[in-house]
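Chemist: Sharing a structure here in structure tokens format.
Dropping the structure here:
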């Protein structure tokens, strides 16, 4: 009997050691927050019947690919928390179809919506996180909202589509789907319409109730250097490579003259392609200081294929034909130029990386669970 008790005690010790070892390994993989997030990589939910390090590594490999597990990344920007594919599978099972059909209908009439909605998405997520705060016309505080900041204002395009999509979703599933998720689904859908392969978009975001124009200063501006942009992106948990990948959004859309006029007059930017400088001066003649920018012409970022998400943008940048100072900076900086060259040479790789970067961006500083609210209308908080 005594030997039997000793044997049982030994088994318990071994089991405890294995449990502590597995837990320690899990914390090393997941971080000090007890396994809620993977550093730099977003939320990875624990599978059911999860035990030990080996199953965890198998799950990580499934999510990231066996050769793509991040080795060491700083945890910057909150990309964790309650998002998953099929979030509305029981509460609003047709939501993604409703969004896709509504977006496609509007896109067929106006293909420039791809650039417009991509920009709405980036300008929303990069400021307060993906909480649809950019869509608010006003907030209870009465302070100037994000959309009226100088970086937004009249240059925003696509809000009407989000409004129409929200109305269609509310008709089917009232009070269920957030504006933040609708914007994320719509972004995926316009990207696909503009040339990407379809890809899944996680959901579960809730809508913010705060929107401040003063917060928009965290956005990179048209004259930013690579170092400045890299610092801003790093604070959000994005690498230089991801910065360059996301810059490829400029393969669609364009910019108004005021965004690049600094390269044309007083002294013409000597690094600007001479033929392009003449073209831009014809499109954007010099005007008196203080003139109304809303009257400015708009010039395509990528004249070769302005409606398609492709790597032609990178080809133009390498030729010295980047439109904005920040576009041209990608070619002038040796660190980013090497990445631009690789992306230009491998269009399918860029498309894959771009879709992955959009999903990662969609997880940035999100509100989940009981945080925020589900707005009835995207332009106003619920009273």
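In our numbering, the protein residues as written are 46 to 428. Built from N, CA and C at the ideal position, the CB exists for glycine as well. Since we're looking at a predicted model, the values are computed, not measured.
Please report the residue range of the beta strand (DSSP E) in which residue 345 lies.
Modeler: What you label residue 345 is simply residue 300 of the chain shown in a count that begins at 1. That run of the beta strand (DSSP E) goes 343-345.
Chemist: Pop quiz: residue 370 and residue 267 are said to be a contact at Cβ under 8 Å. What is the actual Cβ separation, rounded to whole angstroms?
Modeler: Here the question's residue 370 lines up with position 325 in the chain shown. Here the question's residue 267 lines up with position 222 in the chain shown. Right, their Cβ atoms sit about 6 Å apart.
Chemist: Would you check if the stretch 406-424 and the stretch 222-229 touch, i.e. whether three or more CB-CB distances between them fall below 8 Å?
Modeler: The stretch 222-229 vs the stretch 406-424: in contact.
Chemist: According to DSSP, residue 422 sits in a beta bridge with which residue or residues?
Modeler: Looking up residue 422 in the chain shown gives position 377. For residue 422, which the question treats as bridged, DSSP gives the partners 425.
Chemist: Determine the extent of the beta strand (DSSP E) in which residue 301 is found, giving its start and end residues.
Modeler: Walking along the chain shown from the start, residue 301 turns up at place 256. Looking at the DSSP string, the run of the beta strand (DSSP E) that includes residue 301 is 299-301.
Chemist: Leaving aside the five residues before and after residue 201 along the sequence, list all residues of the same chain whose C-beta is less than 7 Å from its C-beta, in chain order.
Modeler: Counting from 1 along the chain shown, the entry for residue 201 is found at position 156. Only 165, 192 meet the Cβ criterion.
Chemist: Identify whether residue 146 lies in helix, strand or coil by the three-state DSSP scheme.
Modeler: The sequence position of residue 146 within the chain shown is 101, counting from 1. Residue state, collapsed to three classes: helix.
Chemist: So, with DSSP's three-state summary, where would you put residue 248?
Modeler: In the chain shown, residue 248 corresponds to position 203, counting from 1. Here residue 248 sits in strand by DSSP.
Chemist: Buried or exposed, going by whether 16 or more other CB atoms sit within 10 Å of the CB of residue 265?
Modeler: In the chain shown, the residue the question calls residue 265 occupies position 220. When all chains shown are included, residue 265 counts as buried.
Chemist: How big is the Cα-Cα spacing for residue 388 and residue 331?
Modeler: Here the question's residue 388 lines up with position 343 in the chain shown. Here the question's residue 331 lines up with position 286 in the chain shown. Cα-Cα distance, rounded: 35 Å.
Chemist: Just confirm the distance between the C-beta atoms of residue 236 and residue 406, as a whole number of angstroms; I'd bet it's less than 8 Å.
Modeler: Your numbering for residue 236 matches position 191 in the chain shown. Your numbering for residue 406 matches position 361 in the chain shown. Their Cβ separation, rounded to whole angstroms, is 12 Å, which puts residue 236 and residue 406 out of contact at 8 Å.
Chemist: CB-CB under 7 Å to residue 139, same chain, minus the five flanking residues each way: which ones, in chain order?
Modeler: Counting from one through the chain shown, the residue named residue 139 turns up at place 94. Taken in chain order, the residues that qualify are 217.
Chemist: Cutting at 6 Å between CB atoms, please list the residues of its own chain near residue 269, excluding the five before and the five after it.
Modeler: Translated into positions along the chain shown, residue 269 becomes position 224. Cβ neighbours of residue 269 beyond the five flanking positions: 371.
Chemist: What does a CB cutoff of less than 6 Å around residue 350 pick up in its chain, not counting 5 residues either side in sequence?
Modeler: Taking the chain shown and counting its residues from 1, the one referred to as residue 350 is at position 305. Contacts found: 357.
Chemist: How far does the alpha helix (DSSP H) with residue 132 in it extend, from its first residue to its last?
Modeler: The sequence position of residue 132 within the chain shown is 87, counting from 1. Careful: residue 132 lies outside any alpha helix (DSSP H) and carries neither H nor E.
Chemist: Counting only the same chain and skipping the five closest in sequence on each side, list residues whose C-beta sits under 6 Å from that of residue 137.
Modeler: Reading the chain shown from its first residue, position 92 is the one you call residue 137. Correct list, in chain order: 218, 221, 222.
Chemist: Please name the residue, chosen from 323, 348, 241, 307, that lies closest to residue 334 on a Cα-to-Cα basis.
Modeler: Sequence index remark: in the chain shown, residue 334 carries index 289 (1-based). Looking at the Cα atoms, 307 is the closest of the given residues.
Chemist: Could you tell me if residue 316 is buried or exposed, where buried requires 16 or more neighbouring beta carbons within 10 angstroms of its beta carbon?
Modeler: Your numbering for residue 316 matches position 271 in the chain shown. Burial call: exposed.
Chemist: With a threshold of 16 other CB atoms inside 10 Å of the CB of residue 199, please say whether the residue is buried or exposed.
Modeler: Residue 199 sits at position 154 when you count from the first residue of the chain shown. Result: exposed.
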